[in-house]
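Chains as they are written, first to last, in the working numbering: chain B, 231 to 442; chain A, 1329 to 1572.
A short write-up of the structure that comes next.
This is the structure:
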């Protein structure tokens, strides 16, 4: 999998959020996007997910312009600004609801993912009873459960206790070895410093690659 | 099947627990109480009163305003759910799911409004149901009432879809203005012989027979549906904003 971001600019009214961004992202690597809140990280992630159209430029998935084709990128899962789960379903039922859309996995895979994010014990609790950290874990579980090729994580370690965060970092390293393309956006550099292969800094619409 | 039913009600509950639904419910209560106190005459029967409610322009305006708020809330809730959206193959699947949610929530608001209207009328008109013959067509007025409520519901559903397509094809502020213009403009449209405005179908049409009115209604709904199908296809190709 190769994602090419070519001359991408995104404006909201007259406000330039991203200015002529160019980068190539490839399988088997972890990419870190860092920058303060509002620096355009989430906007770029949403464009990669084909949720927004760039004002100019293009984003290609293995050469295919997904946005132009009115489709969404295949085998890509994301958590951006927290998902909207149904409050009166349990954690497991919420995952099942999402899994039912593509019907790729069953109960077994869902339970394995819940174990991975240390949420298995609370799988039968209603989402409305979840703490902030548990909600974040469920958000991550919906990303991992279908074994996607591209993993997009916006502030993934927010509210997650150290034990789970360490486990997830190891998991992401393993996924990278399996050839997954992983993008992690955060405003805390230390969150991703040791994890990523390439690091990009977002500032005032411009993106610069940082030396590791 | 059991899971599907549970998910259906959970999604509906998510809509109902939004603050906007509280506003909708408040409008429904005020609209029906005001209708009952300002519109009805003491001699009106239960069935006559229901007709008076649903043929009153201002009552319909508020009801459709509730539908507009409902559509807007449905779109907002849907657009916040990136985890769901990224699982769709394409924009066609995206709009199909949003369409289903708009239909479900609109139907729900319409049914809630109908129940509130029936309950209020039950309190003030319980002594005079008024079952009889509808003189104009010489058929049972209950039969006509059932037909009339179904037609009103279908047209309100089609209008909800108009709101959906306007909102998905324009930016938010322009969309709101266009939807309100569409609402107000048609509610106060003049009566004309071809019955081309949807608001005509919130009245008893003046036709020779009941069958003629049914056929005219089916033709209108059919043409409206075909136009919306074309707009639906256009929307799939042209909508730009998929998430909030």
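Every residue, glycine too, gets a C-beta built ideally from N, C-alpha and C.
This one's a predicted model, so the numbers in the text were calculated from it and none came from an experiment.
Assign residue 261/B to one of three DSSP states: helix, strand, or coil. strand
Enclosing beta strand (DSSP E) for residue 415/B [first to last residue]: 411-416
is_contact[residue 379/B, chain A] using C-beta, thresh 7 angstroms: no
So, does the CB of residue 244/B fall closer than 7 angstroms to a CB anywhere in chain A? no
Taking contact to mean at least 3 C-beta pairs separated by less than 8 angstroms, is the segment 1402-1421 of chain A in contact with the segment 1357-1368 of chain A? no
Expected contact under 8 angstroms - CB spacing of residue 1492/A and residue 1375/A to nearest Å: About 33 angstroms separates the two Cβ atoms, so there is no contact after all.
What residue ranges within the segment 1397-1458 of chain A form continuous alpha helix (DSSP H) runs of no fewer than 4 residues, ordered along the chain? 1410-1413, 1419-1453
Taking residue 445/B as the query, report the chain A residues whose CB atoms sit under 7 angstroms from its CB, ordered along the chain. Here chain B has residues from 231 to 442 only, and residue 445/B is not among them.
Have a look at 299/B, 310/B, 258/B, 260/B and flag the residue whose alpha-carbon is nearest the alpha-carbon of residue 275/B. 310/B
Proximal chain A residues relative to residue 414/B, where beta-carbon distance stays under 9 angstroms: Near residue 414/B there are no residues of chain A at all, since even the closest Cβ is about 16 angstroms away, more than 9 angstroms.
Residue 330/B in three-state terms, based on DSSP: helix
Looking at the strands, I want to know which residues DSSP matches up with residue 286/B. 239/B
Can you confirm whether the segment 375-389 of chain B touches the segment 405-422 of chain B when touching is taken to mean that 3 or more C-beta pairs between the two stretches lie within less than 8 angstroms? yes
Simplified DSSP state of residue 349/B, which is helix, strand or coil: coil
Does chain B have any CB closer than 7 angstroms to the CB of residue 1414/A? yes
Residue 1468/A in three-state terms, based on DSSP: strand
Taking the alpha-carbon positions, what's the residue 1424/A to residue 291/B distance? 25 angstroms
Rounding to the nearest angstrom, what Cα-Cα distance links residue 1538/A and residue 1357/A in this structure? 32 angstroms
Less than 7 angstroms between CB atoms is the rule here; does residue 411/B satisfy it with respect to chain A? no
What does residue 1558/A reach in chain B if we use C-beta pairs closer than 8 angstroms? Within chain B, no residue comes near residue 1558/A; the closest Cβ sits about 17 angstroms away, beyond 8 angstroms.
Mind checking who residue 254/B pairs with in its DSSP beta bridge? 234/B
Supposed close pair residue 231/B, residue 430/B - CB separation, criterion 8 angstroms: Not quite, the Cβ-Cβ distance comes to about 18 angstroms (not below 8 angstroms), so this is no contact.
For residue 1535/A, tell me which candidate among 1372/A, 1418/A, 1464/A has the shortest Cα-Cα distance. 1464/A
Leaving out the 5 sequence neighbours to the left and right, which residues in its chain are closer than 8 angstroms to residue 1494/A when beta-carbon positions are compared? 1503, 1506, 1507, 1510
With residue 384/B as the anchor, note down where its beta strand (DSSP E) starts and where it stops. 380-384
State yes or no: is the beta carbon of residue 1419/A nearer than 7 angstroms to at least one beta carbon in chain B? yes
Please report whether the beta-carbon of residue 1410/A lies at a distance below 7 angstroms from any beta-carbon of chain B. yes
Neighbour list for residue 1564/A in chain B, Cβ cutoff strictly below 9 angstroms: 300
Would you list the residues sitting across from residue 399/B in a DSSP beta bridge? In DSSP, residue 399/B forms no bridge with anything.
Taking the CB atoms as reference points, tell me whether residue 1338/A and residue 255/B lie closer together than 7 angstroms. no
Neighbour flag for residue 1444/A against chain B, beta carbons, 7 angstroms: no
7 angstroms Cβ cutoff met for residue 348/B and residue 416/B: no
How is residue 266/B classed by DSSP in three states: helix, strand or coil? coil
Taking 7 angstroms as the threshold (beta carbon to beta carbon), is residue 281/B in contact with chain A? yes
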